[in-house]
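Protein sequence lines correspond, in order, to chains D and C.
Here the first sequence is numbered in full-length UniProt numbering, starting from 1 and rising by one per residue.
Here the second sequence is numbered in full-length UniProt numbering, starting from 1 and rising by one per residue.
Data first, discussion second: the structure below is written as structure tokens.
Number of protein chains: 2
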Amino acid sequence: MRKLPAKLASQLYGAAELIAERGLDGTKIEDIAEATGIPKATIYYHLDGKNAVLEFLLGDLLDMIAGAVGVAVTSEENARTRLEAAVLAQLGVMLEHPSLCRALVGDLGRATRLPELAAALRTAFYEPIEQLLADGVSDGSLRQVADPAAVALSVFGAITVAGLSAAVEGPSADPSADAARFSAAITELVLDGLATPGSRDQRRGDPL
Amino acid sequence: MRKLPAKLASQLYGAAELIAERGLDGTKIEDIAEATGIPKATIYYHLDGKNAVLEFLLGDLLDMIAGAVGVAVTSEENARTRLEAAVLAQLGVMLEHPSLCRALVGDLGRATRLPELAAALRTAFYEPIEQLLADGVSDGSLRQVADPAAVALSVFGAITVAGLSAAVEGPSADPSADAARFSAAITELVLDGLATPGSRDQRRGDPL
DNA sequence: CTTGGTTTGTACTGTGAGTACAACATACGA
DNA sequence: TCGTATGTTGTACTCACAGTACAAACCAAG
């Protein structure tokens, strides 16, 4: 069941739009069969049901994200620069595949209840950020924060929500331009913060 | 159907944990009936089906958040301070009601497909942030950014993902302490950013 | 005690997921 | 050429569960 023939796999993508639009519940297996051209019996021959269809599609998306981010993270630059690259990479993939992202948002609950997917989600989205933040403290390119885990989570949220919501807004004419725009905004926020220069540091006394 | 008797409303909360755990799909109406003590026929007398149960529960959560944040935002302080208060308020409510939050994550797709809830989601989470960011620029307590909409979205994501994921981790012994902890981390990130003092501003030339 | 809204049990209908299976195709080695 | 294994597909099921119908009971308030 794991190695679905390539032809079928590509046909299955025809169901992504459908699932994104109506949610997995609102989508009948018969609809998927019709949209992809794969007869219901064949779907059941290879896959363990509706959930498996979603699992296959999202697994692929998550692999793409993890891959792109992985490349971005593996450079010789300092952590701050790699963080910027990772943000751009993640948003790039997400905006390239809006209907997969919409399907992901729509069936997040189901996704997190599918153990493999939950792990892939973590690997694709959260862990690279967490790692970069730690690296940045080591190489001095990012600040030490009081609660690294919580901050990593928030950074992850900032990126992911921006990407998902851009995907939900509907496909854009120029995904990579959008990715660059969002990426710049997030980077600006995450690196420099929103406080005005004058008011900065009037809160905490200790710089480290 | 809108004004469900108070007694039933309170009984209905007994279903939140169930729905959070198994998702709405994995929860039979009969299960809800059993968990709440409200017979199936009575549920259908008042509510339009399973979705309406979820809609009722989440509507309430969203109202609480919108309310708490609304209070936090309506003070005489400057926008930066009010932003801190809003973050704390939002996280406070979320951590106070972890199973509602889990239900929200789990059935986010359904929630966004229910028009009333989608609007309530926006009102509760996103709009207050957007407003505060704009206010901060006016009163000088927050920096002007290049793409305010994208930044507002990211801030919203940072807060919300932190809250949701804390809720998903399971209920905590001391919700308000957790809220304070997360709130501090997010505030630190969002206001001061992660760049080290030395490297700050070596990217963009124009301060405005 | 009657009228009108609620409450609830019971029995039903309809839909769609998933299964069973037989017929057929295709490949590949003997 | 045949035989066997592996995939493909149509058809016809089963079964669980959402939602509906309805009648009997209940409980005000006039």
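Where a beta carbon is used, it is the ideal one built from N, C-alpha and C, also for glycine.
Test item: CB-CB of residue i and residue j under 7 angstroms
{"i": "C/G157", "j": "D/A162", "result": "yes"}
{"i": "C/V145", "j": "C/V190", "result": "no"}
{"i": "D/A185", "j": "C/V137", "result": "no"}
{"i": "D/V87", "j": "D/I43", "result": "no"}
{"i": "C/G183", "j": "C/L91", "result": "In the sequence as displayed, the identity of residue 183 of chain C is Ser instead of Gly. Yes. Within cutoff."}
{"i": "C/G109", "j": "D/G106", "result": "yes"}
{"i": "D/A111", "j": "D/A66", "result": "no"}
{"i": "C/V71", "j": "C/P128", "result": "no"}
Reduced DSSP category for residue i - H, G, I as helix; E, B as strand; rest coil
{"i": "C/K3", "result": "coil"}
{"i": "D/K33", "result": "The sequence shown places Ala at residue 33 of chain D, not Lys. Three-state result, D/A33: helix."}
{"i": "C/L121", "result": "helix"}
{"i": "D/A162", "result": "helix"}
{"i": "C/L114", "result": "coil"}
{"i": "D/T27", "result": "coil"}
{"i": "D/E96", "result": "helix"}
{"i": "C/G170", "result": "coil"}
{"i": "C/L47", "result": "coil"}
{"i": "C/E76", "result": "coil"}
{"i": "C/D206", "result": "Caution applies to C/D206, whose pLDDT of 47 falls short of 50 and renders its modelled position unreliable; the model cannot decide the point."}
Alpha helix (DSSP H) segment containing residue i, residue limits
{"i": "D/E17", "result": "A16 to R22"}
{"i": "D/E130", "result": "E127 to D139"}
{"i": "C/A180", "result": "P175 to T187"}
{"i": "C/V69", "result": "K50 to V73"}
{"i": "C/A195", "result": "Taken as a continuous stretch (DSSP letters only), C/A195 belongs to no alpha helix (DSSP H), as it is neither H nor E."}
{"i": "C/Q144", "result": "Per DSSP, C/Q144 belongs to no alpha helix (DSSP H) and is neither H nor E."}
{"i": "residue 209 of chain D", "result": "With chain D represented from 1 up to 208, any question about residue 209 of chain D goes unanswered, as that position is not in the structure."}
Cβ-Cβ separation, residue j to residue i (assumed contact under 8 angstroms), whole Å
{"i": "C/L133", "j": "C/L142", "result": "6 angstroms"}
{"i": "D/A103", "j": "D/L54", "result": "7 angstroms"}
{"i": "D/M94", "j": "D/A167", "result": "6 angstroms"}
{"i": "D/D139", "j": "D/A79", "result": "6 angstroms"}
{"i": "C/T187", "j": "C/E84", "result": "5 angstroms"}
{"i": "D/L153", "j": "D/N51", "result": "Going by Cβ atoms, the distance from D/L153 to D/N51 rounds to 27 angstroms, so no, they are not a contact pair."}
{"i": "C/I38", "j": "C/Q11", "result": "5 angstroms"}
Q. Name the residues in the segment 168 to 199 of chain D whose C-beta lies less than 9 angstroms from a C-beta of chain C; which are they?
A. Close to chain C, meaning a Cβ-Cβ distance shorter than 9 angstroms, are the following residues of the segment 168 to 199 of chain D: V168, R181, F182, A184, A185, I186, T187, E188, L189, V190, L191, D192, G193, L194, A195, T196, P197, G198 and S199.
Under 7 angstroms, CB to CB, which of the residues in the UniProt DNA-binding region "H-T-H motif" (28 to 47) of chain D have a partner in chain C? When C-beta distances to chain C are compared with 7 angstroms, every residue of the UniProt DNA-binding region "H-T-H motif" (28 to 47) of chain D stays at or above that value.
Check each residue of the segment 106 to 137 of chain D: if its Cβ is closer than 8 angstroms to any Cβ of chain C, include it; give the result in chain order. If the cut-off is 8 angstroms between Cβ atoms, the segment 106 to 137 of chain D has G106, D107, L108, G109, R110, T112, R113, L133 and G136 near chain C.
When Cβ atoms are compared, which residues of the segment 75 to 90 of chain D fall closer than 7 angstroms to chain C?
Listed in sequence order: R80.
Along the segment 2 to 27 of chain C, where does the CB come closer than 7 angstroms to a CB of chain D? Name the residues. When CB distances to chain D are screened at a threshold of 7 angstroms, the residues of the segment 2 to 27 of chain C falling below it are G23 and D25, in chain order.
Q. Any residues in the segment 140 to 152 of chain C with a beta carbon nearer than 8 angstroms to a beta carbon of chain D? Which ones, in chain order?
A. Going along the segment 140 to 152 of chain C in chain order, one finds G140, S141, L142, R143, V145, A146, D147, A150 and V151 with a Cβ nearer than 8 angstroms to chain D.
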